[in-house]
Amino acid sequence: MKEVTIKYKSNKTLEALKELGKYLNFSISDDKARSTPQKQSSINGIPIIIGDAKVDIAELHDVFTGKDLSAEKLRDTAWQRKK
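Residue numbers (my numbering): 434 to 516.
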C-alpha cells in the first residue's frame, strides 16, 4: 500500500481530508500513535522487545509456584525437538 504524508495547520483541513477519504477510499492514520518508539535491546544479536506492563500475570503465579522448576529442567523436557 502506498503512503503519503500531508502536513497541515488547520483542523478544518483534517476534517476535509477525512470526508474526502470516505469517497476516494483512503484512510488517515494518526502520526503520533505510529511514531512512539519501542525501546529495544539485544542479547547476542537477538532483539528483545519490552513487554506490555498492563498485562496481568497474577493468574500464572499459582501455575509455577511450588513446582520446583528451573530453566535447565524446562530446556531438557519441554523445549526439545522431537526427531
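Don't be surprised by glycine CBs; every beta carbon is placed ideally from N, CA and C.
Nearest by alpha-carbon distance to residue i: which of the options is it?
i, options, result
"V437", "I461, V488, L502", "I461"
"I483", "Q473, K515, L502, T510", "Q473"
"M434", "N458, E492, A511, V488", "N458"
At which residues does the alpha helix (DSSP H) containing residue i begin and terminate?
i, result
"T446", "444–457"
Per DSSP, which residues does residue i bridge with? Please list them.
i, result
"Q473", "I482"
What is the DSSP secondary structure of residue i, reduced to helix, strand or coil?
i, result
"L507", "helix"
"V496", "helix"
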